[in-house]
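Chemist: The opening residue of the sequence shown carries number 71 in my numbering; numbering runs sequentially from there.
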Amino acid sequence: MTGDALFDDDFTAPVPLGMAIGSAAPGGRQRGGVDVEGVVGVDNGALRIRPLDRPGWGRSGVAYDPVERRPGRVLGVHVLNGHHSSQTYYDAESLKRKLRRWAGNVVKRRTVKPRPQHYENLAAGFFAGPATRRPLAGGHGLVVHAATGDNGELWLAHGSRPLISLRGVLNTPLAFYVLLRPHGAVYYAATLEGDSLLPALPSVRPLAIDPHTARGPLWPAVQQRILGEVGYRVDTRVFRLGVADVPELAEWYTTAHACDPLTGAGPLAAEPAVRGGEWRVLTGSATRTAGGLRAGADGVLARLDPDEPAGLVHVLVRTGLRPSPVRLGWRAGDGGRWELRLGAGGAWLDRVEGAGRTTVASSRRPVLRPAHTHSVQLSDDGTEFSLYVDGRRLFGRSFADSRDGDRAGLVVGVDGPGSRLRELEAHPRAVAAPGWPEPSWPAVPAPGDVVFDDTFDGLPDGVALAGWRTAAGEWERTEGKGQLLAASGGVQVDADVDRPNPGRTLHTVAWPEPGYTDLTVTMTPPGTARGQGHEGRCGLVLWQDDENYVIVNLWLANHFQGGSLSSFYRIGGHEDMYDAVWTLTADMFRWGDPCTLNLRFDGERLVASIDGRPTLYRAITDVYPDAGRLTVNRVGLVANEEWGDDTGTVFHRFTARGRLSGG
């Protein structure tokens, strides 16, 4: 960060639960907010927000004294949400209970309020109050929304309404930034290295632009509405929250690599864009005016060629009484482009190649309204893009398509004088963080040399693994009654649909480096498709002794569309299944397809990844605040019991690495 911090709270000094509101942050600034149930505290270097017994906005969170809006003022928050898919879950009501309820007193029934539904769980940003019940109203911020099997979805304030941004956000730390501009704000985010949606710090991804200016003072804040689901309870951790002024980002275009206000006087091409190079008028003509770019009677189509592809493009469209259709093209090159066409009669997404045009999606819902200013933007990571007008996602979905994803050209067009364009800006897919560029969450060190690489070669077919020595060492069945048997391509859980594995079973080998391990296993869940009755519950175990160990396993269920990565903690002989922490994984792994699970652990915290994508991050003290370090004496393979048992997963390869020398 190159600017001056107004405040920077890194939560170093412990504060008991229920006493965080009113406590002093570094520098003496007082923490405000709300804590109705006494669930907010500070421990182990982070703010802790525990689950509410009665969920709702305006009941738990921290806020700081309000600040004035100023261009270049940035809020940064580094947070580990307890679970992005936190939401209410009510058991289905039986017919007997329904009949009993219907038979009750009519007046009494009319006075009973329906049970609330909570799907938005975390909010962070500049808010209109310290404990608002509508976090996105009157401010600039983020709300995390449960996304069923896709885990989490980021919603961003756009004129007090939600703009649906990224879907499939996993339970790893999130660095989120709100950068104020002369009008509105721009949003950025990052997470762990290797994620497919977001970059790692010190880079961030520009997510969206809110062109609406929130009036009045703005409260920097984090709020929690609900945590957990179906009885599971997990805490949120906030590692840092601060506000700073960054003067070099005070211009309206902030981090854009291509931008032009499209105002002034004279022909469009008479002067270059502020950033991005010279304009090329492809057809027609256009003139810069005080109100924006006005096309001639025959319209205009013009192209700008910045030096890198755009990840976020935004333009304002001001319509007259008879709006002219407008065009926004991107991924443009000599051969073609993607193009969004907007008019009073609808919206069209086209793929333009040479003289040909193919419509990929269309909507007849009116888009351009007379005498109105519209916000038009797109978000594109090179493989998938989404399109928005006034914060509403067009066509009801995003588009997974990588064609021409490396092309950088931008095209704007207006089909007549009835609409004007203003403040075109394009931001790269990743930019330098506007503040706090280093992660505030503790990192798990990178691994070093391979300690063993075991493909289970040499085992006689059908023999039980326990008692045999392989490349990993001498195996023992440390817990449970199940078996791993030598099979073609590895070792297999001795189970099938009619004979599931009999409960949690651990097979382990001795581990020489008690303070660190990096484990990778390649395995194939049983069966070939959902509906065959198979269950997948296999993964890895970090074992200190019978009273202390951590399990991370995949979860595939015959009845559930999607999967999850789950973690279980036995600490000091205590384990509560409802303290398990998991991430919903959609289709990251499937029946009958090999997948790779990596688990990195430093004695205090873990990062688990599926096929190279970080999927779950958690410290043991996030689950049990008073827990000490876990000494890893043994490592191994697990067939776990988690709402059912495994029916025949195959482990193909088991690799372990120690700590990188000097790491």
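Backbone N, C-alpha and C define an ideal beta-carbon position, used for all residues, glycine too.
(1) DSSP on F465, reduced to helix/strand/coil?
(2) Does L338 come out as helix, strand or coil in the three-state DSSP assignment?
(3) Using a Cβ-Cβ cutoff of less than 8 Å, which residues in the same chain neighbour L262 once the five nearest sequence positions on both sides are dropped?
(4) Between which two residues does the beta strand (DSSP E) carrying I296 extend?
(5) What would DSSP say about P290, mapped onto helix, strand or coil?
(6) May I have the straight-line CA-CA distance separating L87 from G347, to the nearest angstrom?
(7) In whole angstroms, give me the CA-to-CA distance for T324 and S679.
(8) By a C-beta neighbour count over all protein chains shown, 10 Å radius and 16 as the cutoff for buried, is V300 buried or exposed?
(9) Let me check one thing: in DSSP terms, what residues is T428 bridge-paired to?
(10) With which residues is I279 paired in a DSSP beta bridge?
(11) Could you say which of G706, E605, L589 lies nearest to L667 if we only look at CA atoms?
(12) Compare the C-alpha of R411 against each of G298, R434, D404 and name the closest.
(13) Between which residues of its own chain and A441 is the CB-CB distance below 8 Å, once the five residues before and five after are set aside?
(14) Is the CB of G219 under 9 Å away from at least one CB in chain B?
(15) Are the beta-carbon atoms of V256 and L371 separated by less than 9 Å?
(16) Let me make sure I understand the geometry here. Which of L249, G706, P595 has the alpha-carbon closest to that of A748?
(17) What are the uninterrupted segments assigned as beta strand (DSSP E) that are 3 or more residues long and contained completely in the region 106-169, given in chain order?
(18) Using 8 Å as the Cβ pair cut-off and three pairs as the minimum, do the region 285-303 and the region 137-156 touch?
(19) Quick one: which unbroken alpha helix (DSSP H) runs of 4-plus residues sit fully inside the region 74-98? Chain order, please.
(20) Would you mind sorting G406 into buried or exposed? The rule is 16 or more other CB atoms within 10 Å of its CB.
(21) What residues match up with H644 in a beta bridge as DSSP calls it?
(22) Helix or strand or just coil, what does DSSP make of R723?
(23) Do I621 and V720 come within 9 Å of each other at the CB atom, strictly closer than that value?
(24) Suppose only complete runs of 3+ residues qualify. What are the beta strand (DSSP E) ranges in the region 497-561, listed by chain order?
(25) Under 8 Å by Cβ, that's how I've got A380 and D450 pegged, so tell me the actual separation to the nearest angstrom.
(26) What did DSSP end up calling L391 once you bin it into helix, strand or coil?
(27) Would you check if the region 534-554 and the region 563-581 touch, i.e. whether three or more CB-CB distances between them fall below 8 Å?
(28) Mind listing, in chain order, the continuous beta strand (DSSP E) runs of no fewer than 3 residues lying wholly within the region 634-722?
(29) For L669, which residues from the same chain have a beta carbon less than 7 Å from its beta carbon, with the 5 sequence-adjacent residues on both sides left out?
(30) Assign P232 to one of three DSSP states: helix, strand, or coil.
(31) Exposed or buried, what is D305 when buried is set at 16 or more other beta-carbons lying within 10 Å of its beta-carbon?
(32) Sorted by chain position, which residues of the same chain lie with C-beta nearer than 8 Å to R310's C-beta, five sequence neighbours on each side aside?
(33) Exposed or buried, which one is Q157 when buried takes at least 16 other CB atoms within 10 Å?
(34) Of the residues L212, L635, A340, L554, which one's Cα is nearest the Cα of A291?
(35) Could you say which of S731, T691, R704, R727 lies nearest to D113 if we only look at CA atoms?
(36) Nearest by alpha-carbon distance to P376: which of A478, A314, P393 is it?
Modeler: By the coordinates alone:
(1) Within the sequence shown, numbered from 1, the residue matching residue 465 stands at position 395. DSSP places F465 in helix when its eight states are reduced to three.
(2) Numbered from its first residue, the sequence shown carries residue 338 at position 268. Helix, per DSSP.
(3) Within the sequence shown, residue 262 is the residue found at index 192, counting from 1. These residues qualify, in order along the chain: T242, P243, A270, V677, P684, Y687.
(4) As a first step, residue 296 is located in the sequence shown; it is residue number 226 there, counting from the start. Note, I296: premise wrong, no beta strand (DSSP E); not H, not E.
(5) Within the sequence shown, residue 290 is the residue found at index 220, counting from 1. Residue state for P290 is assigned as strand, using DSSP reduced to three classes.
(6) If you number the sequence shown from 1, residue 87 lands on position 17. If you number the sequence shown from 1, residue 347 lands on position 277. Going from the Cα of L87 to the Cα of G347 covers about 55 Å.
(7) Locating residue 324 in the sequence shown gives position 254, counting from the first residue. Locating residue 679 in the sequence shown gives position 609, counting from the first residue. One Cα belongs to T324, the other to S679, and the distance between them is close to 34 Å.
(8) Within the sequence shown, the letter at position 230 stands for residue 300. With fewer than 16 other Cβ atoms within 10 Å, it is exposed.
(9) Counting from one through the sequence shown, the residue named residue 428 turns up at place 358. R421, per the DSSP bridge assignment.
(10) Counted from its first residue, the sequence shown places residue 279 at position 209. As a beta-bridge residue in DSSP terms, I279 pairs with V256.
(11) Along the sequence shown, one-based indexing puts residue 667 at 597. Answer by Cα proximity: L589.
(12) Mapped onto the sequence shown, residue 411 falls at position 341. For the residues G298, R434, D404, the minimum Cα distance to R411 belongs to R434.
(13) In the sequence shown, the residue the question calls residue 441 occupies position 371. Same-chain partners within the cutoff: T389, G390, L391.
(14) In the displayed structure, chain B is absent; only one protein chain is listed.
(15) Translated into the one-based positions of the sequence shown, residue 256 becomes position 186. Translated into the one-based positions of the sequence shown, residue 371 becomes position 301. Result no, Cβ atoms of V256 and L371 do not sit closer than 9 Å.
(16) Given a span of 71 to 733 for the chain in the structure shown, any question on residue 748 remains unanswerable.
(17) 110-113, 116-119, 130-133, 143-150, all fully within the region 106-169.
(18) Result yes; three or more Cβ-Cβ pairs closer than 8 Å.
(19) If we require 4 residues or more, the region 74-98 turns out to have no alpha helix (DSSP H) run fully inside it.
(20) By 1-based counting over the sequence shown, the position of residue 406 is 336. Result: buried.
(21) Taking the sequence shown and counting its residues from 1, the one referred to as residue 644 is at position 574. Answer by DSSP bridge pairing, in chain order: I641.
(22) Numbered from its first residue, the sequence shown carries residue 723 at position 653. In the structure shown, R723 sits in a strand (DSSP, three-state: E or B).
(23) Position 650 of the sequence shown holds residue 720. Position 551 of the sequence shown holds residue 621. With respect to I621, V720 sits apart: the two C-beta atoms are not nearer than 9 Å.
(24) Qualifying beta strand (DSSP E) stretches, in chain order: 517-524, 546-549, 554-557.
(25) Sequence index remark: in the sequence shown, residue 380 carries index 310 (1-based). Sequence index remark: in the sequence shown, residue 450 carries index 380 (1-based). A380 to D450, Cβ: 6 Å. Contact.
(26) Taking the first residue of the sequence shown as 1, we reach residue 391 at position 321. In this structure, DSSP gives L391 a state outside helix and strand, which the three-state scheme calls coil.
(27) With a cut-off of 8 Å on Cβ pairs, the region 563-581 is in contact with the region 534-554, counting three or more such pairs.
(28) With a minimum length of 3 residues, the continuous beta strand (DSSP E) runs that stay inside the region 634-722 are 651-654, 665-671, 675-680, 683-689, 704-709.
(29) To locate residue 669, count along the sequence shown from 1; it is residue 599. These residues qualify, in order along the chain: L589, L610, V622, L676, A678.
(30) In the sequence shown, residue 232 corresponds to position 162, counting from 1. When DSSP states are grouped into helix, strand and coil, P232 belongs to the strand group.
(31) Numbered from 1 along the sequence shown, position 235 holds the residue referred to as residue 305. Taking a 10 Å sphere around the C-beta of D305, we find 16 or more other C-beta atoms and assign the residue as buried.
(32) For this step, residue 310 is matched to residue 240 along the sequence shown. So the qualifying residues of the chain are D78, D79, D80, F81, G146, V147, H148, W506, S510.
(33) In the sequence shown, residue 157 corresponds to position 87, counting from 1. It counts as buried.
(34) To locate residue 291, count along the sequence shown from 1; it is residue 221. Measuring from the Cα of A291, the nearest candidate turns out to be L212.
(35) Numbered from 1 along the sequence shown, position 43 holds the residue referred to as residue 113. Here the closest residue by C-alpha is T691.
(36) For the purposes of this step, residue 376 is taken as residue 306 along the sequence shown, with counting starting at 1. Ranking the options by Cα distance to P376, first place goes to A478.
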